[in-house]
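J.: Before I ask anything, let me first share the structure, which is written out below as structure tokens.
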Amino acid sequence: MTASTTARRPARPGLPLDTAAASSAPVWLVFGGVFAVAWLLVELNGGQFMTVENLQNMAVRSVALGLVAVGQTIVLIGGSLDLSVAYMVSVTAVGASFVMQGDPDRMALGVAVTLVLGVVVGLVNGLVVTGLRVNAFIATLGTSLVMSGILNALFTNFTGAVPRQFQGLGYQALGPVPVAVLLLLAVVALAWYLLRRTRFGYHLYAVGGSAEAARLSGVRTDRVVVTAHVLCSLTAVLTGLFLVSRLRSGAPWVGPDGGYDLESIAAAVVGGTALAGGRGGVAGTLAGVLILAVIDQVFNEFEVNAFLKTLIRGVIIVGAVALYAARSRRSEGSF
Amino acid sequence: MTDDNGARGSALLGMYGISKSFFGVPVLDDVRLECLPGEIHAVMGENGAGKSTLMKILVGVHQPDAGRIELDGTPVRFHHPRQALAAGVSIVHQELNLLPDRTVAENIFLGREPRRRLAVDRAAMDRAATRLLATLRADDLISPRAVVGRLPVAQQQLVEIARALSYTPRLLVLDEPTAALSPHEVDTLFDRIRRLRADGLTVLYISHRLKEIFDLTDRITVLKDGRRVATVRTAEVDTRTLVHLMVGRELDHYYPPRAAPGRIGPVRLALRGAGAGPLHDIDLDLRAGEIVGLAGLAGSGRTELARLLFGATRMTSGSVELDGRVHRLRSVRHAIRSGIGLLTEDRKAEGLVLQLSVRDNSLLAVRALGRGAVRRAGLGDLLDRVGLRGSTAREVRYLSGGNQQKVVLARWLATGARVLIFDEPTRGVDVGAKASIHELMRELADAGTAILMISSELPEVIGMADRIVVLREGTVAGELPAGASEAEIMLLATGEPDRSAAPVGATGEGGAA
Chain A
32 MTASTTARRP ARPGLPLDTA AASSAPVWLV FGGVFAVAWL LVELNGGQFM TVENLQNMAV
92 RSVALGLVAV GQTIVLIGGS LDLSVAYMVS VTAVGASFVM QGDPDRMALG VAVTLVLGVV
152 VGLVNGLVVT GLRVNAFIAT LGTSLVMSGI LNALFTNFTG AVPRQFQGLG YQALGPVPVA
212 VLLLLAVVAL AWYLLRRTRF GYHLYAVGGS AEAARLSGVR TDRVVVTAHV LCSLTAVLTG
272 LFLVSRLRSG APWVGPDGGY DLESIAAAVV GGTALAGGRG GVAGTLAGVL ILAVIDQVFN
332 EFEVNAFLKT LIRGVIIVGA VALYAARSRR SEGSF
Chain B
1352 MTDDNGARGS ALLGMYGISK SFFGVPVLDD VRLECLPGEI HAVMGENGAG KSTLMKILVG
1412 VHQPDAGRIE LDGTPVRFHH PRQALAAGVS IVHQELNLLP DRTVAENIFL GREPRRRLAV
1472 DRAAMDRAAT RLLATLRADD LISPRAVVGR LPVAQQQLVE IARALSYTPR LLVLDEPTAA
1532 LSPHEVDTLF DRIRRLRADG LTVLYISHRL KEIFDLTDRI TVLKDGRRVA TVRTAEVDTR
1592 TLVHLMVGRE LDHYYPPRAA PGRIGPVRLA LRGAGAGPLH DIDLDLRAGE IVGLAGLAGS
1652 GRTELARLLF GATRMTSGSV ELDGRVHRLR SVRHAIRSGI GLLTEDRKAE GLVLQLSVRD
1712 NSLLAVRALG RGAVRRAGLG DLLDRVGLRG STAREVRYLS GGNQQKVVLA RWLATGARVL
1772 IFDEPTRGVD VGAKASIHEL MRELADAGTA ILMISSELPE VIGMADRIVV LREGTVAGEL
1832 PAGASEAEIM LLATGEPDRS AAPVGATGEG GAA
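Going line by line, the protein sequences match chains A and B. In our numbering, each residue's number is its place in the first sequence (first place is 1) plus 31. In our numbering, each residue's number is its place in the second sequence (first place is 1) plus 1351.
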């Protein structure tokens, strides 16, 4: 509540203000609202919403999108964007199950191989964007197509398998809390620290806000953007590993079928991150992901037609962003 | 002309024989600039005189083709702005280079954030920012945690200066720092700059505003067409001499004669009790053939009033009359149709589409109204009327500020606008082009256009206006006849108790309050 009042009022001298506090609080407010409405709807319908199983379900559902959305948020803040995450997820899922072949001893190898792949793809994305000055939209679409081509040429169906132990990532829980949820929370916390407390984060916001101002201040802007792309690809790898642990085996379509490229951007933007860069954060993105998950849960509860579901999601995404736009216009003045 | 005034061979900064060409076109030719320790030294000249290039060479953005630079008598050569910063030369650029979404402290220390282990040491950073702001006496004004984009422009400027000071410079270069400030803010900025000098800082002050240079500086180096014309002591020259050095012309030619009383026609546009946003209870008449000067401090609502008249903001109270009939301005499009034109303060962002040609920019509005094709043959005539020569296919971003303004003006002539609002018509325009814009404005008025001219340069208001309206805190504080003094305008604008019992119109000489 304090955030919404400070946002409306211009900075009063002597009043400490923080960009972080100002940006993610309204998204959590929206999440609270959506959650309450969902609860009410389900209960009125005679269903039960606040069951442990239900909440676990929503949380686990959030993990796959959540991990990669954190990475997407990082590149978006830097003024870039990554459309290759969906196929990065597929490459990881297929790669991990192919390398592991159900052998527990090859688990570490499988994870290591996919992480290296993630770094390579991230580096390529980042270097093409910064070095060759190719627009990020086209550059990452290109790497995405390359990955898709290779993957579909080599594999046509589910390939290999991950060992039982690896499936613990997808299915085990510590008490009531699934391990995967802990992983997501850890990644969010780490990303939050990176963005809000380290020089890398400060420079990332600066590059996204005004690359020229950052460069004139001696920030090595290209390095910052490349790092952001590597981090983003790595979060896609984590999503891929989580998915394959749930599915036991990877197939080329798991990434694109999940729509992780556009959904991760949608989650970040619903979470208050600016597509133009320089503004936003992972706390908001987490709320954005949860908003989408709660909506999904309600749809499932009511067994809504899949097409209608997509339609409503579209309306909600645009609505949320329009709402933020209206808010920020008001806080900037009357024009 | 006395030359080398005051140089005693102990200059803090010496630039000697600096020459620079871009693509074979000489921009600087054998320029010398010497700056003594502890002085405020002005570099002045028209736009295109080479001021900015000289400064960019000083701070290492450009490399000179010939010549040498000395700091404290030691030759230096900077290949990157960071090297200049390390050697004690900081620059505050004309355009603010701040990140609006980041805090004051984050902006000041961008790229050099203090660290404790892995993390940025925010507490230390905030303390250091507060210390820097304190040297500008602004620590009680600006919090280091405030988000820069929400600060008023004058305070953002202070943040820029604080950032420049954070490199502990010996020489501070200020490039046109007052472009966006009101007269009152300029005065406080000058106080701060003088205090910095008292603390031992040497300041290079780039400007083409005569009044500021007389108020602030100790010595002046005048550039013209890439050459140094002279270096003089400020105390030893007057405005006339200085303008003569800059352009080789007398000040009298600055402003065209005012409207003859008989030429002022009926009221074209009238506001009655108008209000919207910060504006309230505004009564204003614009008459055919008359130039009304609108003065007021920054934040008094000048630009807001322009936008109101142009239909860009909805009026919440009061009424508009156009040629005596009540008229509602529903939208910008509607205002343009009704014969109103606005020349915005920020030409590059709001006035022009920079990548489009002179032709497309000139015809933008008339085409939008759907009469464009018909008028195509008239383009040459339009550009003749505003005195713009050259190919109509040129992209406007390659034009000078003065010529860009002429393109915007041509656009409104094309729509046949009979009420024109000029918001800071000559900001960022060199002296020569300024005079021709002023003459154009007068010609338009003589041809029956009603003109409202918003300006923060009081000499311009006084020189041009047939009547002066002063805004204060969103409403009309008063009206003055042509030829009112700066002091009278400032009294109205600041709302200070009326010291002068003198009747309105009596001209008392005196500086701005």
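Every residue gets a Cβ at the ideal spot worked out from N, C-alpha and C, and that includes glycine.
Check whether the Cβ atoms of Met89 of chain A and Ala324 of chain A sit closer than 8 Å, and answer yes or no.
T.: yes
J.: Give me, in chain order, the residues of the same chain whose beta-carbon lies closer than 8 Å to that of Ala192 of chain A; leave out the 5 immediate sequence neighbours on both sides.
T.: Ser128, Met131, Gln132, Gly133, Arg279 and Ser280
J.: Do Gly1738 of chain B and Ser1787 of chain B have their CB atoms nearer than 8 Å?
T.: Yes. Within cutoff.
J.: Considering just the uninterrupted stretch of the alpha helix (DSSP H) at Ser276 of chain A, what are its terminal residues?
T.: Thr252 to Leu278 is the extent of the alpha helix (DSSP H) around Ser276 of chain A.
J.: Mind checking which residues open and close the alpha helix (DSSP H) that includes Phe1565 of chain B?
T.: Leu1561 to Leu1567
J.: Considering only the beta carbon of each residue, do Leu1771 of chain B and Leu1734 of chain B sit closer than 8 Å?
T.: No, they are not a contact pair.
J.: Is the separation between the beta-carbon of Leu148 of chain A and that of Thr174 of chain A shorter than 8 Å?
T.: no
J.: Quick one: what's got a C-beta closer than 8 Å to Leu1637 of chain B's C-beta in the same chain, skipping five residues either side?
T.: Excluding positions up to five away in sequence, the list reads Val1618, Arg1619, Leu1620, Ala1621, Val1643, Val1770, Ala1801, Ile1802 and Leu1803.
J.: Taking Val1782 of chain B and Leu1703 of chain B to be in contact with their CB atoms under 8 Å, please state how far apart those CB atoms are, rounded to whole angstroms.
T.: Actually they do not touch by this definition, with Cβ atoms about 22 Å apart.
J.: Any idea which residues DSSP pairs Tyr1367 of chain B with across the strands?
T.: B:Arg1419
J.: Can you find the residues in the same chain that come closer than 7 Å, C-beta to C-beta, to Leu1348 of chain B, ignoring five residues on each side of it along the sequence?
T.: In the structure as shown, chain B begins at 1352 and stops at 1864. Residue 1348 of chain B is therefore absent and cannot be evaluated.
J.: Going by DSSP, name the residue or residues bridged to Arg1823 of chain B.
T.: B:Thr1826
J.: Grab me the residues of Ser179 of chain A's own chain with a C-beta within less than 6 Å of its C-beta, minus the 5 sequence neighbours each way, in chain order.
T.: So the list reads Tyr118, once near-sequence residues are dropped.
J.: For Phe1773 of chain B, which of helix, strand or coil comes out of DSSP?
T.: strand
J.: Please return the same chain residues whose Cβ sits closer than 6 Å to the Cβ of Glu332 of chain A, not counting the five positions on each side in sequence.
T.: Scanning its chain for C-beta atoms nearer than 6 Å, with the 5 sequence neighbours on each side dropped, one finds around Glu332 of chain A the residues Val73 and Gly78, in chain order.
J.: Straight-line CA distance for Ala1719 of chain B to Thr1743 of chain B?
T.: 19 Å
J.: Counting along the chain, where does the beta strand (DSSP E) carrying Met1804 of chain B start and finish?
T.: Ala1801 to Ile1805
J.: Give the DSSP-derived three-state secondary structure of Asp1797 of chain B in the structure shown.
T.: helix
J.: With which residues is Phe66 of chain A paired in a DSSP beta bridge?
T.: According to DSSP, which records beta bridges pairwise, Phe66 of chain A is partnered with nothing at all.
J.: For the region 1514–1535 of chain B, which residues have a beta carbon sitting closer than 7 Å to at least one beta carbon of chain A?
T.: none
J.: Cβ of Ser248 of chain A less than 8 Å from any chain B Cβ?
T.: Judged by the 8 Å Cβ criterion, Ser248 of chain A is in contact with chain B.
J.: Can you give me the Cβ contacts of Tyr6 of chain A inside the same chain, cut-off strictly under 8 Å, excluding the 5 residues immediately before and after it?
T.: Because chain A here runs from 32 to 366, residue 6 of chain A falls outside it and cannot be looked at.
J.: Taking the alpha carbon of Arg230 of chain A as the reference point, which residue from B:Leu1484, B:Arg1463 and B:Leu1630 has its own alpha carbon closest?
T.: For the residues B:Leu1484, B:Arg1463 and B:Leu1630, the minimum Cα distance to Arg230 of chain A belongs to B:Arg1463.
J.: Is it buried or exposed, Tyr1749 of chain B, if we count other Cβ atoms within 10 angstroms and call 16 or more buried?
T.: By the 10 Å Cβ count, Tyr1749 of chain B comes out exposed.
J.: Given 8 Å as the limit, is there contact between the region 1454–1469 of chain B and the region 231–247 of chain A, that is, 3 or more CB pairs closer than that?
T.: Because the criterion of three Cβ pairs below 8 Å is met, the region 1454–1469 of chain B and the region 231–247 of chain A touch.
J.: Tell me whether His1789 of chain B sits in a helix, a strand or coil according to DSSP, three-state version.
T.: helix
J.: Could you tell me whether the Cβ of Ala1480 of chain B comes closer than 8 Å to any Cβ of chain A?
T.: no
J.: Under 8 Å, do Leu159 of chain A and Val150 of chain A count as touching if we go by C-beta distance?
T.: Per the sequence presented here, residue 159 of chain A reads as Val, with Leu not at that position. No. Outside cutoff.
J.: Of all the residues that make up the region 1426–1438 of chain B, which are near chain A by a beta-carbon distance shorter than 7 Å?
T.: Listed by position along the chain: Pro1432 and Arg1433.
J.: In three-state DSSP terms, what is Ile1691 of chain B?
T.: strand
J.: Within 10 angstroms of its Cβ, does Asn1880 of chain B collect 16 or more other Cβ (buried), or is it exposed?
T.: Residue numbering for chain B in the displayed model covers 1352 to 1864; residue 1880 of chain B lies beyond these limits and cannot be assessed.
J.: For the beta strand (DSSP E) containing Ala1581 of chain B, name the first residue and the last one.
T.: Arg1578 to Arg1584
J.: Could you tell me the alpha carbon to alpha carbon distance between Gly286 of chain A and Ser264 of chain A, rounded to whole angstroms?
T.: 13 Å
J.: Less than 8 Å between the beta carbons of Val58 of chain A and Gly308 of chain A, yes or no?
T.: no
J.: For Tyr355 of chain A, count neighbouring Cβ atoms within 10 angstroms of its own Cβ and tell me buried if that reaches 16, exposed if not.
T.: buried
J.: Can you confirm whether Arg1578 of chain B, when its beta carbon is compared against all beta carbons of chain A, has any partner nearer than 8 Å?
T.: no
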